[in-house]
Structure formats: C-alpha cells, structure tokens
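Presented below is the structure to which this report refers.
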Amino acid sequence: MQALTNRSKMVSNKQMTFMERIYLPAIFKGMSITLKHFFKKKATISYPEQTREFSKIYRGRHVLKRDEEGRERCTACGLCAVSCPAEAITMIAAERKPGEEHLYREEKYAEVYEINMLRCIFCGDCEEACPKEAIFLTDRIVKSDYERLPFVYGKSLLVEPLDPNLRIDISGRQTKNVLNFKQNKRFAHNR
Amino acid sequence: MDWTLYIYKTIFLVIIFLITLVVAMYSTYGERKVAAFMQDRRGPNRAGIFGLLQPLADGVKMFMKEEIIPLTANKKLFILGPSIAMTTAMLTGVVIPWGGTLTIGGREFSMQIADLNIGILYVFAMVSIGVYGIMIGGWASNNKYALLGSIRAASQMISYEIAMGMSIIALILTSGSLSLNDIVQQQHGMNWNIFYQPLGFLIFIVCAFAETNRAPFDLPECETELIGGYHTEYSSMKLGFYLFAEYINMFISSAVIATLYFGGYNMPFIDQLGLSPNVVTLLGSAFFFMKILFLIFLFMWIRWTLPRFRYDQLMNLGWKKLMPLAMFNIVATGAYYYFTVLI
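Protein chains in written order, with the numbering used here: chain A, 12 to 202; chain B, 100 to 442.
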C-alpha cells in the first residue's frame, strides 16, 4: 500500500542494542529537550493585563444598529430568525405609532428582540440575511454567568446606545465589498 | 558537656529545622515553576511578586479545608500515618554535616547536630521507618486504592533500599568510615567521590528517586490508576503533611547525595584563597546549599522529563539491573583496592 505521507514509521521487533537498553543516552536527550524548553519564550498571555488581539472580522456579541439619526434599523422582518441555524433568535413585531418616528425608521419595528447566547453559534448568518443592515456581530465578548437566563439578551443589551460617541464600530465587518455584495441585484439573494 | 554547647546545639537544631521547612515549602513553589517553564507556561505568578507567596496561600488553603476521617478507617493509625511520615522526614537532617567548624571565642562549634559514627546507617534507618508512614496511612484508610498504593510503595522502597545500601558499601570501602563528617572531610578540595564512584553514584541517585517516590518512580501515588494512591482518603493538613514530607525527603536526600558524592561543604580551590577559617566554613555551607538546590532542581528536571515506569519494569530495574550492578561495583572497588592500595 502506498503511504499517504512520508511521516509514517515502520514498526519492527528488532532487539534493542546495548546503548539503547541502558536508556541513559535517551534520558540525557530528553533532559536536554526539557532544558531547551525551560528557556523558551512562553506562549501564555497574562489575561487581565494583556489581551489577545482580535481578528478584524471577529464574530462576537451582536449589536442592533441605529441609523445616523438614531432610529432603530430593525423592522422585525424575521429573516435573521429564519436564517439562524441554531434557532437562537426570537422577536415580536409591533406597529409604529404616530410620534415615534424619531425612534423607529420604518412603520414596523421589533418590540421584543431576543438572542439566546447559549444557543448562538456565532456563524454570522443573521447578519448576512438582514436586508436593513440592522444586525451585526462585533468583537465584543459575551460575558460569563452562573445562570442560564442572563444569556438571553434582550433589546436593552443588543441595541446600540443613542449617544453618537458610544456607537458600536462595525466597520470591520461592514466593508465596502460586503455592502456591495449585499445590495448588488446581480446576486440571487437580492432579487 | 557544658551549657554553651547545649544552647548552641538547640539553636542550631531549630535553625536547621526551619531551613528544612522553608526549603521544602519553596520546593513546592519551585516544582510548579520548573514544571511550568518546561512546558512553556509561566507557573504561579499571582500571589505576591513572582508568585512568591504561593506556598503560604497553599498552606492556608490546606489548613482551612474540611478534615475528613472516613467512618470505616482506623482512627488512631489514620492520624499516626502522616505523623510518622513527617517526623522521620525531619529527623534525617540531624546527622548531615551542614558545614565545617566555627571558632567563636576560642571554642569550636561543629555545624552538625550529631556526628554519629554510624551516620549513614542512621540515615538508612530513618528512610526505612519512613515506609511505615505510607504503609500505615494506606492500611488505615480502609480503601482498596490506598492499600494498593501503600503496598506498591512498600515493595518499591524495600527493593530499592537493597541496591542503595550496596552502592553505599562500595563508597564505605573507599572511605573506611560510616561517619558522614569523615566522608566529607576525605573529599577535601576536588576529591569528590563522584569521580571515584561514578557507577555507585548512578545507582544511588536512581535509588534515591525511588525512595522519595518521585517520578519516574511515583507509582505509589499515580493519579490515573490509583486516584492518588496511599493518600486517597486524606484531606486537609494530613494530606498536606504527606505532600510536605515528600518535599522534605527530597531536600534531605539531595543533602545526602551532596554529602556522599559531591564533597559536602568542600569547595574547590578554597585553600588557595587564604581566607580565615570561619569565612571558609560559612562559604562552604553556602556552597553546600547551592549543591543541594541544584540537586533538587535535578529531581524536578527528571520528574518533568521522564514518564512513569510500569510496575514490572520497576521491579526488573530494581532487582535485575541495579542490584547486580551494585554487586559488581562492590567487587570492582574491592579488587581495585586489593591490588593497588594494599600491595
């Protein structure tokens, strides 16, 4: 049979030579290896003081974006919930009342929008499905907890703050190419 | 005997005990650091600067833990086990010469608690009693894993004591004395025994690893097969005593190895420096401790390099390899002295 790689070793039952049987050379070799590792650079990142650098397109905790005037972009169409392979997203839609135009961009909005962070697999399909550029994954971490309930994130945790200075930056994921891809009518998903 | 000698011996005894405890304490820290560094990690570095308060934190943790004595255990023996392990570990340090002699006010003070003329035999006796600590602990727990662990420990220690004793016989042939102080003084300068007894040294250090139950001979306490071995049922400070006794044993056996084979408190080229005797003694003690610390490092180095022996391999090595080798060493040493020295 042909070997797939050249790394496989042939096993043999040959007797060990005297030098092999006294083991000492092998022991010294092993000790030199461990001593080499003693002086090597450590792989550890001392967490609270240092943090590992995230990739630019890291898929972490979600954000529900507002538009430039501070209105929620989400229209509760439910495409994200449909596209979610883990069924982590639920929502209840509501109609915009007169006088709420400064809060919601279109006539329909999500009254309740919940993502179960324990179910979520952070695949980014919701972001891809969203026609309104409303939901994005960010480089923030979902905090740990002792209970299950706190992992169901409601709108209070998902919608970004109104203050323009506190808006969540999603430029890493919403690049020009991505925007072009999402809005180009040439692709089947936009037709 | 007069009072100054009593007072001096008492103070010296307390100092040696304290040093033993502190070194053992920081061996636990050192072990974790060495292990971490050899595995490309950082080790304990949160408690105090460089994690230097870690042993204290561990000690406090051990004391605060719940003390559990199993219902079916033999209570008296259960308590006796760790006490014996700890006591015998501490007692061995008595005969080790920690330095030469200090001259204070025209009087000579030896830096050795008791210069027994059978010092080596005393060390062996204490090591042998140390087996009882483990055996009694394992037996009293009334637990099959603890019993298996203690049986393993007993058979291992008895097997390796034979080879160890025989390697020492060859050493005694060359030194002609059982007193540790005499043996050290014969190794003055660079006349260390390791150059005359390399095979004996190898046998002795392998047996020392086995006697202290250190890797690769840590079968009595292998976690995967025996869930900790003889101290499975122990908790709180009684467990702490067992673990601590192991580190004290490591320190003491390093001291014994340094005494027997590495010239004890002798420093090379110390006579050429022309220092006063007291300074020479103190320098010698410092050098002795450096040797001990290096040997402790060697213990840890080996532990984090070699995997554990299988039980039959352990017995094979002890009975079929080391014992014949030790016998050959005795014969070779004897023949050498018969043909070169006596004729």
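Ideal Cβ positions, reconstructed from N, Cα and C, are used throughout, including at glycine.
Cutoff 7 Å; reference residue i; Cβ partners in own chain excluding five residues on either side
i: B:Ala-239; result: Ala-172, Asn-173, Leu-176, Phe-177 and Gly-180
i: A:Asp-180; result: none
i: B:Lys-390; result: Ala-357 and Phe-361
i: B:Ile-326; result: Tyr-244
i: A:Arg-72; result: Thr-149, Arg-151, Ile-152 and Val-153
i: A:Glu-118; result: Glu-106 and Arg-107
i: B:Ser-258; result: Met-414, Gly-417 and Trp-418
i: B:Tyr-346; result: Ala-123, Ser-126 and Thr-127
Span separating the alpha-carbon of residue i from that of residue j
i: A:Arg-77; j: A:Glu-60; result: 33 Å
i: B:Ala-431; j: B:Lys-419; result: 18 Å
i: B:Tyr-90; j: B:Ile-106; result: Summary: the structure shown does not reach residue 90 of chain B, with chain B confined to residues 100 through 442, and so no result is reported for it.
i: A:Arg-184; j: A:Leu-148; result: 8 Å
i: A:Ser-167; j: B:Glu-324; result: 52 Å
i: B:Lys-108; j: B:Ile-282; result: 22 Å
i: B:Trp-400; j: A:Lys-47; result: 12 Å
i: B:Arg-313; j: B:Gln-255; result: 12 Å
i: B:Ala-269; j: A:Thr-28; result: 29 Å
i: B:Leu-155; j: B:Arg-145; result: 12 Å
i: B:Ile-250; j: B:Ser-227; result: 14 Å
i: B:Asp-411; j: B:Phe-294; result: 32 Å
i: B:His-330; j: B:Leu-117; result: 25 Å
i: A:Met-30; j: B:Gln-371; result: 42 Å
i: B:Leu-318; j: B:Asn-415; result: 14 Å
i: B:Val-305; j: A:Thr-16; result: 41 Å
i: B:Asp-157; j: A:Val-170; result: 46 Å
i: A:Lys-187; j: A:Ser-155; result: 34 Å
i: B:Glu-332; j: A:Cys-141; result: 59 Å
i: B:Ala-354; j: A:Lys-20; result: 44 Å
i: A:Cys-269; j: A:Cys-137; result: No information on residue 269 of chain A is available, as it lies outside the stretch 12 to 202 that chain A covers here.
i: A:Leu-90; j: A:Ala-145; result: 11 Å
i: A:Pro-161; j: B:Leu-120; result: 48 Å
i: B:Asn-242; j: B:Leu-338; result: 15 Å
i: B:Ala-385; j: B:Tyr-437; result: 37 Å
i: A:Glu-83; j: A:Arg-178; result: 12 Å
Sequence-distant residues of its chain with Cβ nearer than 6 Å to residue i (five each side left out)
i: B:Ala-253; result: Val-230 and Met-234
i: B:Glu-130; result: Met-399
i: B:Val-193; result: Ile-212 and Ala-213
i: B:Leu-215; result: Val-194 and Tyr-221
i: B:Leu-421; result: Ala-262 and Ile-302
Distance CB(residue i)-CB(residue j) smaller than 8 Å
i: B:Thr-202; j: B:Met-210; result: no
i: B:Thr-358; j: B:Ile-195; result: yes
i: B:Met-60; j: B:Phe-340; result: Any answer about residue 60 of chain B is impossible in this case: the structure gives chain B only from 100 up to 442.
i: B:Gly-218; j: B:Ser-278; result: yes
i: A:Arg-159; j: A:Leu-114; result: no
i: B:Ser-352; j: B:Glu-310; result: yes
i: B:Ile-212; j: B:Ile-115; result: yes
i: A:Val-74; j: A:Asn-127; result: no
i: B:Glu-165; j: B:Ser-375; result: no
i: B:Gly-288; j: B:Asn-377; result: no
i: B:Pro-315; j: B:Leu-405; result: yes
i: B:Phe-303; j: B:Ser-266; result: yes
i: A:Cys-88; j: A:Tyr-124; result: no
i: B:Gly-248; j: B:Gly-328; result: yes
i: B:Ala-344; j: B:Gly-236; result: no
i: B:Asn-292; j: B:Ala-188; result: no
i: B:Phe-94; j: B:Gly-264; result: The structure shown has nothing for residue 94 of chain B, since chain B only spans 100 to 442.
For residue i, the residue or residues it bridges with in DSSP
i: A:Tyr-124; result: A:Met-102
i: A:Arg-77; result: A:Glu-83
i: B:Phe-316; result: Its beta-bridge partners do not exist; DSSP assigns none.
i: B:Arg-206; result: B:Ile-203
i: A:Ile-146; result: A:Leu-75
i: A:Val-170; result: A:Leu-75
i: A:Lys-119; result: A:Glu-106
i: A:Val-163; result: A:Asn-127
Distance cut-off 7 Å: residue i Cβ against heavy atoms of the ligand FAD
i: B:Val-122; result: Absent from the structure shown: the ligand FAD. Ligands present: none.
Checklist entry - Are at least three pairs of beta-carbons, each pair with one atom in the stretch 139-155 of chain B and one in the stretch 44-54 of chain A, less than 8 Å apart? => result yes
Next on the checklist: Check whether the stretch 101-110 of chain B and the stretch 93-101 of chain A touch, using three or more Cβ-Cβ pairs below 8 Å as the test.
Outcome noted: no
Checklist entry - Can you find at least 3 beta carbon pairs, one from the stretch 23-39 of chain A and one from the stretch 113-128 of chain B, that sit closer than 8 Å? => result no
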